[in-house]
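Q: I have a structure I would like to understand better, so I am pasting it below and will then ask my questions one at a time.
Residue numbers (the working numbering): 12 to 296.
Next comes the structure, spelled out in C-alpha cells:
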C-alpha cells in the first residue's frame, strides 16, 4: 500500500499549520515546536515538510539531543527563530516516548501520549538556558522564548482534498467489486509505480498480520529521512511528490470561497448529518 486516503488531507492541514505558526516564531524571534499526529508512525510529520519547518523529528529515529541543540543554535543564529515539527510518538535515545504514555486510553483503546512537544520544550529550555537568548538581545527567558503548538484534531476533520476524495471513492468501489467476486477478508489498497501511476489493487487482510496475529503501524523507511540534518532525504521527497503534486483541485479552493464566509452561516445553525440519520433509523421489536 503506497498511501491511504486521508493522509493527503492530514498533511495539507499540518503543512498549513506549520506555515501559520512560523509567522509568530519569526516576528517574535522564538523557537516553535509543532506537534503533529501519527502516534508511532512519522508519515504526517514527514509530509509536513511541505510547510518548510527547519527541523523534523520522527518516531522512527531516536532523538539525539546534542545534535538537536546544535542544529537549533545554528538555525537561530542564522534567522533569529526556529520551527521544529515533532511527531507525537518521537522517542529518546533509550526508545522511550518523550510524551510518555499515561495509564489511560483513547476511545479506540490506544494508550494516550501526554505531549512530546512539551517534553521537548523542557529539554531545550534546560539545554539552551536563559543566557543563550540574553546574549542575542532577547530580554526574555528560555521558557518564554520556546513555545509549543499542537495541530490537533483539525488534521482528521473537515472536507478532504481532491486526492483523498477521488481515491477513497475508487477504493470503496474496488472493495464492493471484491465482495461481489467472492473475495472476503481482503483489503483494497492504493499502489503507485512509474509506469501506471496510482492504481487500486488488493491483498488478503491476513498479510498485514504478524505470526501472532497483530497488525503494526506502518513505519517510515530509514531511507526517507536524513538524521544528520534532521530533515527528509531525497528518497523522502521522491515518495511525497506523486501524492501531493496534484493533490489539491480547483474545487477545493472554490469550496473555501463559497462556503466559509457564506452569509447564511451567520443565520443558520449547523445541521448535523446525525440528525438526518436519526430520523431514518427504525428499530425492530
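By construction, the Cβ of each residue, glycine as well, lies at the ideal position given by its N, Cα and C atoms.
Run the proximity test for residue 245: is its beta-carbon closer than 7 angstroms to any non-hydrogen atom belonging to the ligand ZN?
A: This structure lacks the ligand ZN, and indeed carries no ligand of any kind.
Q: Quick one, which of 107, 30, 240 and 99 has its alpha-carbon nearest residue 85's?
A: When each option's Cα is compared against that of residue 85, the closest is 240.
Q: Sort 224, 33 and 176 by Cα distance to residue 257 and report the nearest one.
A: Residue 176 is the option with its Cα nearest to residue 257.
Q: 8 angstroms is my cut-off, CB to CB: does residue 238 come that close to chain B?
A: Although the question refers to chain B, the structure presented lacks it and comprises just one protein chain.
Q: Using 8 angstroms for Cβ pairs, my map puts residue 178 next to residue 201. What's the rounded Cβ distance?
A: Contact flag correct, Cβ pair sits at about 6 angstroms.
Q: Could you check whether the region 156-165 touches the region 16-29, counting it as contact only if at least three pairs of C-beta atoms, one from each stretch, sit closer than 8 angstroms?
A: Taking 8 angstroms as the limit for Cβ pairs, the verdict is that the region 16-29 does touch the region 156-165.
Q: Please give the ranges of any alpha helix (DSSP H) in the region 64-110, keeping only runs that are unbroken, at least 4 residues long and fully inside the region.
A: With a minimum length of 4 residues, the continuous alpha helix (DSSP H) runs that stay inside the region 64-110 are 76-90.
Q: Could you say which of 216, 233, 232 and 141 lies nearest to residue 226 if we only look at CA atoms?
A: Checking every option, the nearest Cα to that of residue 226 belongs to 216.
Q: Which of helix, strand or coil does DSSP assign to residue 263?
A: If DSSP states are grouped into helix, strand and coil, residue 263 belongs with the helices.
Q: Taking C-beta to C-beta, are residue 96 and residue 42 nearer than 8 angstroms?
A: Their beta carbons are not under 8 angstroms apart, which means residue 96 does not touch residue 42 by this criterion.
Q: Return the bridge partner residues of residue 211 from the DSSP annotation.
A: Note: residue 211 sits in a beta bridge opposite 201.
Q: Can residue 127 and residue 151 be called in contact, C-beta distance under 8 angstroms?
A: Result no, Cβ atoms of residue 127 and residue 151 do not sit closer than 8 angstroms.
Q: From the DSSP output, in three-state form, read off residue 142 for me.
A: Here residue 142 sits in helix by DSSP.
Q: What is the rounded straight-line gap between the Cα of residue 158 and the Cα of residue 132?
A: Those two C-alpha atoms are separated by around 7 angstroms.
Q: Pull the bridge partners of residue 42 from the DSSP assignment, please.
A: According to DSSP, residue 42 bridges with 93 and 157.
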